[in-house]
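Here the structure comes first, spelled out in structure tokens, and everything after it is commentary.
There are 2 protein chains.
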Amino acid sequence: MSDPGLRRAVERVASPLGDPELLTARLAWSALAEPGDSVSGRLVAECGPVAALRLVEDLATGVPTPEIPGVTPQELTTSLRRWQPRLDARMFESLAVVAVKAGLAVLTPEGPLWPERFEDLAEHAPLALWVRGEPAALGGLDRSAALVGARAATPYGEHVSATLAGELAEQGVGIVSGGAYGVDGAAHRAALGVQGTTVAFVAGGADRVYPAAHAHLFARIADGGAVIAEVPPGGTPTKWRFLMRNRLIAAVSAATVVVEAGWRSGSLNTAGHAAALGRPLGAVPGPVTSATSEGCHRLLREFDATCITRASDVLELVGEWGVGDDRTGADRPRPEAIRVLDALAVRAWRTLDDIARRSGMSLAEVQAELGLLELDGRIESSLDGWRLHR
Amino acid sequence: MSDPGLRRAVERVASPLGDPELLTARLAWSALAEPGDSVSGRLVAECGPVAALRLVEDLATGVPTPEIPGVTPQELTTSLRRWQPRLDARMFESLAVVAVKAGLAVLTPEGPLWPERFEDLAEHAPLALWVRGEPAALGGLDRSAALVGARAATPYGEHVSATLAGELAEQGVGIVSGGAYGVDGAAHRAALGVQGTTVAFVAGGADRVYPAAHAHLFARIADGGAVIAEVPPGGTPTKWRFLMRNRLIAAVSAATVVVEAGWRSGSLNTAGHAAALGRPLGAVPGPVTSATSEGCHRLLREFDATCITRASDVLELVGEWGVGDDRTGADRPRPEAIRVLDALAVRAWRTLDDIARRSGMSLAEVQAELGLLELDGRIESSLDGWRLHR
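Sequences listed follow chains A and B, in order. Heads up: the first sequence at position 210 corresponds to 210 in the UniProt record's numbering, and the numbers run straight through without jumps. Heads up: the second sequence at position 150 corresponds to 150 in the UniProt record's numbering, and the numbers run straight through without jumps.
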């Protein structure tokens with residue numbers, strides 16, 4: 001790394017890291033291995049990113065395969081064949097400059113903003129992340145919820161997504177999603193609308209805007225929140241990367257909620273990751289006549305997802321209580337009161353005997369209950385007996 | 001019982017029972033104790049209905065309280081005070097005639113049509129049932145589902161209720177409900193529409209039509225099915241009796257499904273009985289924006305009800321499989337295939353090297369996958385490489 005401009009760029013991006021070589025190696029790994037590659041995860045965990053990269057470069061030149069704990073020689077050979085087409089030392093060295101030019105920050109597990117929750121991904125954890133916007137947003141997702149769902153959402157799905165996201169963001173819950181049309185977009189927008197924090201994990205490079213029509217939305221997300229990618233700038237958002245991106249959304253969020261999803265929706269993949277990681281999983285029900293809710297109902301049936309109907313349900317999953325709930329069953333009437341009230345009329349005065357016979361209760365029980373009900377103002381008495389208070 | 005007309009009436013009603021005195025006692029108990037009265041349940045279980053009735057009549061005349069296993073003297077004294085206002089031997093003797101005049105059959109636990117499932121109600125089991133229509137319908141509820149819900153159902157709720165009931169009834173599942181407006185009525189009607197069996201449990205007498213507008217519906221239900229009451233003819237459908245009626249619906253059905261219900265709907269009471277009896281419980285979700293589905297969502301959240309979206313879900317609860325289901329995930333693609341397909345284009349031919357680099361896979365892996373995909377007709381090859389098949 002002799003070019004002084006390049007060195008400056010790396011140093012700027014790597015400032016919290018303090019080790020340009022380590023940063024370069026991490027960025028190289030993010031270019032070398034496809035997201036979710038477990039062999040690279042284990043190799044980097046065992047040797048550290050710098051030595052692991054050097055090892056791969058040596059292997060490519062024919063150095064004999066060493067013994068690495070946790071990685072079999074067979075895995076190493078197979079993986080080397082996968083990585084070899086992408087081994088390019090000059091490209092790796094330029095990645096930090098690429099980040100600077102694209103206006104992206106880089107986060108690595110060594111930095112203070114790296115979410116601890118990624119550790120649950122173990123060998124599938126990301127090796128580095130490219131961040132457009134505010135890197136601190138990623139470090140502030142302790143209280144967060146992923147709201148994900150169909151791109152082809154119905155107005156119902158978008159409405160529920162926006163309502164949940166807005167109310168949660170107002171309560172200080174970070175809204176995590178995938179930046180797509182439909183449920184994702186509605187969630188991001190509603191969070192932005194209440195000046196909340198929202199973070200989008202994207203499948204391609206953080207500099208790419210996919211879908212293109214979300215250019216303005218991504219700019220707004222990046223202004224205070226973050227658009228985050230696992231692959232280097234320019235990276236194509238392939239189907240595989242969408243699936244792997246989903247694991248990051250599930251892992252980083254305190255809870256995942258599928259708002260609206262068809263039977264085969266990709267958001268069920270996110271839900272599967274959340275369940276596998278032991279993260280609380282919720283699903284918003286919808287009309288059973290709506291194909292766009294079939295995936296949510298499947299989660300309720302088969303994955304034991306929690307039925308989510310409002311923001312306080314999500315807060316509960318996130319591990320919080322506190323949104324007012326006036327729907328408790330506190331004032332449930334006593335069975336005896338129901339039976340005595342049943343035996344009374346609005347107009348006709350009824351005698352004690354009559355009320356006892358009608359209610360199937362003893363005279364004494366009826367008398368006691370009549371007293372309580374009269375105290376409550378539910379009934380009135382006269383010389384002719386009792387009747388319901390109008 | 002000296003009146004020969006009365007004796008004939010009793011004998012006709014009691015023909016499967018063969019013991020007019022036993023029948024009279026059971027009918028007396030159904031008039032004496034309010035539905036769900038556990039002391040009468042234990043007393044009748046211990047002494048038999050005839051001796052139990054005689055005991056109560058003796059007690060009322062001042063005979064000292066005897067020792068009855070399972071019933072404390074205190075309970076007996078308290079209950080006697082409840083029963084005393086209704087003790088009327090002449091009225092009891094006339095009840096069989098009342099049944100005949102009202103065109104009702106009477107079922108008792110001694111008869112062959114009495115559903116075994118009522119045993120699960122233990123001391124709360126009904127002591128006799130009054131049946132308008134076909135008594136055998138009650139005995140044919142082994143494969144049955146209760147479909148219950150809001151009287152003030154939405155068009156959505158009525159639609160789902162009718163769809164489920166029609167499809168289940170076509171599969172030979174008996175449809176049990178409460179004869180009310182809304183979800184109940186839609187379920188009964190749809191079952192009748194496919195010549196299925198349907199049974200309505202009512203809170204008042206079986207001769208009463210409540211709601212009055214359901215006179216025609218009740219007549220149709222009774223033609224092949226049955227309208228069933230626990231209280232004698234003329235009995236008022238009180239709120240208490242509605243709550244107790246719900247336990248019969250839950251107990252007699254193989255599964256209970258709440259189709260649409262508000263937060264405080266009475267059908268949640270039926271659901272509670274089903275859960276307490278260990279019966280499978282289902283709930284149909286709806287829009288979270290609909291207050292009429294709040295009760296169903298509550299069941300999904302708090303009572304671990306199964307999410308019901310179609311008839312086959314109910315069949316599963318009833319303990320049956322068989323309605324065709326084409327929504328399995330059999331043809332899920334291999335991860336490698338996804339990655340190779342991601343790396344291919346529709347127009348441009350791509351080389352093996354290029355595909356390997358784009359997919360992050362080894363040349364050998366890519367080659368193997370390309371072969372499989374070409375066999376499947378998903379891609380095509382030329383001297384220039386591979387591309388997606390249009």
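Quick reminder that beta carbons are idealized off the backbone N, C-alpha and C, glycines included. From a predicted model like this one, the values you see are computed outputs, not experimental measurements.
Endpoints, alpha helix (DSSP H) assigned at residue i
| i | result |
| --- | --- |
| leucine 80(A) | 73-83 |
| glutamate 93(B) | 89-102 |
| glutamate 374(B) | 363-375 |
| phenylalanine 242(B) | 239-252 |
| tryptophan 386(B) | Taken as a continuous stretch (DSSP letters only), tryptophan 386(B) belongs to no alpha helix (DSSP H), being part of the beta strand (DSSP E) at 385-388. |
| phenylalanine 118(A) | Neither: phenylalanine 118(A) is in no alpha helix (DSSP H) and is coded neither H nor E. |
| valine 183(A) | 183-193 |
| leucine 43(B) | 38-47 |
| alanine 219(B) | 215-222 |
| leucine 147(A) | Run containing leucine 147(A): none in the alpha helix (DSSP H); it sits in the beta strand (DSSP E), 144-149. |
Residues that residue i contacts on chain B, provided the C-beta gap is smaller than 7 Å
| i | result |
| --- | --- |
| leucine 363(A) | Arg81 |
| threonine 78(A) | Ser362 |
Interface flag, residue i vs chain B, CB-CB below 7 Å
| i | result |
| --- | --- |
| leucine 300(A) | yes |
| arginine 86(A) | yes |
| threonine 309(A) | yes |
is_contact[residue i, chain A] using C-beta, thresh 7 Å
| i | result |
| --- | --- |
| tryptophan 240(B) | yes |
| residue 391(B) | This structure does not reach residue 391(B), given that chain B is present from 1 up to 390, and the question cannot be answered. |
| leucine 388(B) | no |
| valine 100(B) | no |
| leucine 372(B) | no |
Residues that residue i contacts on chain A, provided the C-beta gap is smaller than 7 Å
| i | result |
| --- | --- |
| isoleucine 338(B) | Lys239 and Trp240 |
| aspartate 342(B) | Thr238, Lys239 and Trp240 |
| histidine 297(B) | Pro285, Cys307 and Thr309 |
| valine 258(B) | By Cβ distance, chain A contributes nothing, its closest Cβ being about 13 Å from valine 258(B), past 7 Å. |
Beta-carbon neighbours of residue i, restricted to chain B and to distances below 8 Å
| i | result |
| --- | --- |
| alanine 33(A) | Gly360 |
| aspartate 353(A) | Pro85 |
| valine 160(A) | Val288 and Thr289 |
Given residue i as reference, the closest of the options once Cα atoms are compared
| i | options | result |
| --- | --- | --- |
| alanine 368(A) | Arg339(A), Val346(A) and Asp304(A) | Arg339(A) |
| glycine 179(A) | Val173(A), Ala52(A), Ala229(A) and Val194(A) | Ala229(A) |
| leucine 104(A) | Arg208(A), Leu168(A), Arg86(A) and Pro64(A) | Arg208(A) |
| glutamate 302(B) | Thr289(B), Val314(B) and Gly282(B) | Gly282(B) |
| arginine 220(A) | Gly196(A), Leu243(A), Ala203(A) and Gly204(A) | Gly196(A) |
| proline 33(A) | Arg82(A), Val194(A), Ser359(A) and Ala337(A) | Checking the sequence shown, residue 33(A) turns out to be alanine, not proline. The candidate whose alpha carbon is nearest that of alanine 33(A) is Arg82(A). |
| leucine 55(A) | Asp342(A), Gly278(A), Gly36(A) and Leu76(A) | Leu76(A) |
| glycine 205(A) | Ser30(A), Thr24(A) and Ser381(A) | Ser30(A) |
| asparagine 246(B) | Glu46(B), Ser177(B) and Glu170(B) | Ser177(B) |
Opening and closing residue of the beta strand (DSSP E) in which residue i lies
| i | result |
| --- | --- |
| valine 358(B) | For the sequence presented, residue 358(B) should be read as arginine rather than valine. From DSSP, arginine 358(B) is part of no beta strand (DSSP E) but of the alpha helix (DSSP H) over 352-359. |
| alanine 283(B) | 281-283 |
| alanine 380(B) | Strictly speaking, residue 380(B) in this sequence is glutamate, with alanine absent from that position. Run containing glutamate 380(B): 379-382, per the beta strand (DSSP E) assignment. |
| isoleucine 228(B) | 226-229 |
| arginine 132(B) | 129-133 |
| isoleucine 68(B) | Premise fails: isoleucine 68(B) is in no beta strand (DSSP E) and is neither H nor E. |
| phenylalanine 201(B) | 198-202 |
| isoleucine 308(B) | Isoleucine 308(B) -> no beta strand (DSSP E), and no H or E assigned at all. |
| serine 30(A) | Element bounds for serine 30(A): not the beta strand (DSSP E) but the alpha helix (DSSP H), 20-32. |
| alanine 345(A) | Alanine 345(A) -> no beta strand (DSSP E), and no H or E assigned at all. |
| glutamate 260(A) | 255-260 |
Within chain A, the residues that residue i reaches when beta carbons sit closer than 8 Å
| i | result |
| --- | --- |
| tyrosine 156(B) | Pro287 and Thr289 |
Next item on the list: Check whether the segment 127-143 of chain A touches the segment 157-165 of chain A, counting contact only when three or more Cβ pairs, one atom from each stretch, lie closer than 8 Å.
Entry: no
Note to self: I want to know whether the segment 40-47 of chain B touches the segment 108-126 of chain B - three or more CB-CB distances under 8 Å.
What the structure shows: yes
Next item on the list: Determine contact between the segment 186-201 of chain A and the segment 274-287 of chain A, defined as no fewer than three beta-carbon pairs at a distance below 8 Å.
Entry: no
Margin query: For the segment 143-160 of chain A against the segment 297-307 of chain A, do three or more pairs of beta-carbon atoms, one drawn from each stretch, fall closer than 8 Å, so that the two count as touching?
Written below: no
Margin query: Is it the case that the segment 346-354 of chain A contacts the segment 379-390 of chain A, given that we only count it when at least three CB pairs across the two stretches are under 8 Å?
Written below: yes
Checklist line | Segment contact flag, the segment 282-301 of chain B with the segment 252-260 of chain B, C-beta cutoff 8 Å, min 3 pairs | finding: Contact between the segment 282-301 of chain B and the segment 252-260 of chain B is present, because at least three Cβ pairs lie under 8 Å.
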